[in-house]
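Enquirer: Here the protein sequences line up with chains D and U, keeping their order. Per my numbering, the very first residue in the first sequence carries number 1; after that it's consecutive. Per my numbering, the very first residue in the second sequence carries number 1001; after that it's consecutive. Heads up, the beta-carbon is just placed ideally off N, CA and C, and yes, glycines get one too. Since we're looking at a predicted model, the values are computed, not measured.
Protein chains: 2
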Amino acid sequence: MEQAQELFKTFLHDHGQKYTEERRIVLEVIESFDRPFEAEELLLALRRQQHRVSKATVYRTLKHLVECLLVNQIFFGTGKQSYYDFVGTQRGHDHLVDVQTGKIIPFSSPEIAALRDRIAREMGFTPVAHRFQILGKPTGNPREAH
Amino acid sequence: MEQAQELFKTFLHDHGQKYTEERRIVLEVIESFDRPFEAEELLLALRRQQHRVSKATVYRTLKHLVECLLVNQIFFGTGKQSYYDFVGTQRGHDHLVDVQTGKIIPFSSPEIAALRDRIAREMGFTPVAHRFQILGKPTGNPREAH
DNA sequence: CTAATTGCAAAGACTTTGCTGTGCT
DNA sequence: AGCACAGCAAAGTCTTTGCAATTAG
């Protein structure tokens, strides 16, 4: 069994909850995403793969995954829905948001992580996660359309 | 007239929009907040000061303020609503979120701003704003309640 | 003057919840 | 048996929008 599944199973068990087939499938599909996704995308991906998991279960499972830190819940403000980001992947989990198109570009910055740890410690906290977004416009396009 | 009001007025004018009394009042009240606030809080503060501004106008005005970068819209995920942060204040605009209580503590980090500028440039973007949140739990309270 | 704005209530988008029947353990 | 679950549809929360009257420039 993969590491993320193991972690999830243990987390659920420790909280008196069950590692059900639906939850396993949801995490499995999430692991296949290579960028932040919306709840609706996840639901569609499940359906495409012939898995019958209800919307309610998807939302409930996402909540559990966020709690156990396997998934980071992010709000970009490009719509009103949440995005979810599977933390197990190798790619970056910080994001640049193109304010002109709403496109989200993940990147990685070890400096951010180091800064996060230092700042949290200085403020008397133990860091659990962070969210870092840069809003920007493509250089060379400095003019705004009125 | 204060600087923020000037900026707002100019922004509105440049976009063929009007600097109305309602918009002036909304910005005025926003300037009095010393931490991120919700739309509802703003509405209540307006009412408390005997100002009759509708909810629709509050939301519409917030949207304009966000567009002209006087206000940063932030999503903490502690509820499903947006928070708004007036950028004109001196205090920090990065935030530490206590995951145990949901409390939001602003802080300031020049390094984050520098990092933001460098990363955006390297990726071919001009930074417009950023959002940085650290989720953490108070040190010395490492144990989670089950 | 006349396009932009306001307030209100209704509509909308996304998420959560109550309930009923199932399934682990 | 006994608690946790899944699915469904209804309810909820926050935000946006249509419309008629009003106002800034």
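1) Who pairs with U/H1051 in a beta bridge, going by DSSP?
2) So if DSSP puts D/Q133 in a beta bridge, which residue, or which two residues, is it bridged to?
3) Any C-beta of chain U within less than 9 Å: which residues of the region 4–38 of chain D qualify?
4) Any idea which residues DSSP pairs D/Y84 with across the strands?
5) What's the gap between the Cα of D/Q50 and the Cα of U/D1098?
6) Can you round the beta-carbon distance between D/P138 and U/G1124 to whole angstroms, since I take them to be within the 8 Å contact cut?
7) Check whether the Cβ atoms of U/V1053 and U/V1026 lie closer than 8 Å to each other.
8) Would you mind working out which of D/R121, D/E22, D/R118 and D/K9 sits nearest D/A56, comparing C-alpha positions?
9) Looking at C-alpha atoms only, which residue of D/E38, D/H64, D/E40 and D/P36 is the closest neighbour of D/K9?
10) Can you find a CB in chain U that lies within less than 8 Å of the CB of D/I104?
11) Does any residue of chain D bring its CB to less than 8 Å from the CB of U/G1077?
12) Which same chain residues, not among the five before or five after D/V29, have their C-beta less than 8 Å away from its C-beta?
13) Step through the CB atoms of chain D and report whether any lies within less than 8 Å of the CB of U/F1125.
14) Buried or exposed for D/T20, going by 16 or more other Cβ atoms inside 10 Å?
15) Hey, out of U/D1117, U/E1111 and U/R1118, whose CA is closest to D/R116's CA?
16) Is any heavy atom in the ligand NAP found nearer than 7 Å to the beta carbon of U/H1093?
17) Compare the C-beta of D/A113 against all C-beta atoms of chain U and say whether one is closer than 8 Å.
18) Please state the DSSP three-state secondary structure of D/T61.
19) On the three-state DSSP scale, how would you describe U/T1126?
20) Alpha carbon to alpha carbon, how far is U/P1106 from D/G79?
21) For U/G1136, count neighbouring C-beta atoms within 10 Å of its own C-beta (all shown protein chains included) and say buried if the count is 16 or more, exposed if not.
22) Answer with buried or exposed for U/F1037, where buried requires no fewer than 16 other C-beta atoms within 10 angstroms of its C-beta.
23) Given this structure, state the Cα-to-Cα distance separating U/V1066 from D/G77, to the nearest angstrom.
24) Could you check whether the Cβ of D/T139 sits closer than 8 Å to any Cβ belonging to chain U?
25) Can you check whether the C-beta of D/R60 is within less than 8 Å of a C-beta belonging to chain U?
26) With 8 Å as the threshold, decide whether the Cβ of U/F1132 is near any Cβ in chain D.
27) Quick one: residues in its chain with C-beta nearer than 7 Å to the C-beta of D/L96, no 5 flanking neighbours on either side, listed in chain order?
Expert: Taking the coordinates as given:
1) Sequence index remark: in the second sequence, residue 1051 of chain U carries index 51 (1-based). DSSP, once it has assigned bridges, lists no residue as partnering U/H1051.
2) The count along the first sequence starts at 1 and reaches residue 133 of chain D at position 133. D/Q133 is bridged to D/H95 and U/R1131.
3) D14, H15 and G16
4) Taking the first residue of the first sequence as position 1, residue 84 of chain D is located at position 84. According to DSSP, which records beta bridges pairwise, D/Y84 is partnered with D/F37 and D/Q73.
5) Mapped onto the first sequence, residue 50 of chain D falls at position 50. Mapped onto the second sequence, residue 1098 of chain U falls at position 98. Their backbone Cα atoms lie some 40 Å apart in a straight line.
6) By one-based count along the first sequence, residue 138 of chain D stands at place 138. By one-based count along the second sequence, residue 1124 of chain U stands at place 124. Sure, about 6 Å apart at Cβ, within 8 Å.
7) Residue mapping note: residue 1053 of chain U aligns to position 53 of the second sequence, counting from 1. Residue mapping note: residue 1026 of chain U aligns to position 26 of the second sequence, counting from 1. Their beta carbons are under 8 Å apart, which means U/V1053 touches U/V1026 by this criterion.
8) For the purposes of this step, residue 56 of chain D is identified with residue 56 of the first sequence, where counting begins at 1. Nearest option by C-alpha distance: D/E22.
9) Numbered from 1 along the first sequence, position 9 holds the residue referred to as residue 9 of chain D. Checked all of D/E38, D/H64, D/E40 and D/P36; the closest Cα to D/K9 is D/H64.
10) Along the first sequence, one-based indexing puts residue 104 of chain D at 104. For D/I104, the answer is no, since every Cβ of chain U falls outside 8 Å of its Cβ.
11) Here residue 1077 of chain U corresponds to residue number 77 of the second sequence, with the count starting at 1. For U/G1077, the answer is yes, since a Cβ of chain D falls inside 8 Å of its Cβ.
12) On the first sequence, residue 29 of chain D is found 29 positions in, with the first residue counted as 1. Excluding sequence neighbours, D/V29 sits near L42, A45, L46, Q49 and H51.
13) Residue numbering aside, residue 1125 of chain U sits at position 125 when the second sequence is read from its first letter. For U/F1125, the answer is yes, since a Cβ of chain D falls inside 8 Å of its Cβ.
14) Locating residue 20 of chain D in the first sequence gives position 20, counting from the first residue. It is exposed - the Cβ of D/T20 has fewer than 16 other Cβ atoms within 10 Å.
15) Along the first sequence, read from residue 1 onward, the residue named residue 116 of chain D stands at position 116. Comparing Cα positions, the closest option is U/E1111.
16) Looking at this structure, you won't find the ligand NAP or any other ligand, since it has none at all.
17) As a first step, residue 113 of chain D is located in the first sequence; it is residue number 113 there, counting from the start. D/A113 does not count as touching chain U.
18) Indexing the first sequence from 1 puts residue 61 of chain D at position 61. In the structure shown, D/T61 sits in a helix (DSSP, three-state: H, G or I).
19) Sequence index remark: in the second sequence, residue 1126 of chain U carries index 126 (1-based). Note: U/T1126 maps to strand in three-state DSSP.
20) As a first step, residue 1106 of chain U is located in the second sequence; it is residue number 106 there, counting from the start. As a first step, residue 79 of chain D is located in the first sequence; it is residue number 79 there, counting from the start. Going from the Cα of U/P1106 to the Cα of D/G79 covers about 25 Å.
21) Looking up residue 1136 of chain U in the second sequence gives position 136. So U/G1136 counts as buried.
22) Locating residue 1037 of chain U in the second sequence gives position 37, counting from the first residue. Buried is the call here.
23) Counting from 1 along the second sequence, the entry for residue 1066 of chain U is found at position 66. Counting from 1 along the first sequence, the entry for residue 77 of chain D is found at position 77. Their Cα atoms are separated by approximately 11 Å.
24) Here the question's residue 139 of chain D lines up with position 139 in the first sequence. So yes, D/T139 belongs to the interface.
25) Looking up residue 60 of chain D in the first sequence gives position 60. Judged by the 8 Å Cβ criterion, D/R60 is not in contact with chain U.
26) Position 132 of the second sequence, counted from the start, is the residue given in the question as residue 1132 of chain U. Yes, its Cβ sits closer than 8 Å to a Cβ of chain D.
27) Here residue 96 of chain D corresponds to residue number 96 of the first sequence, with the count starting at 1. Cβ neighbours of D/L96 beyond the five flanking positions: I105, F107, I134 and G136.
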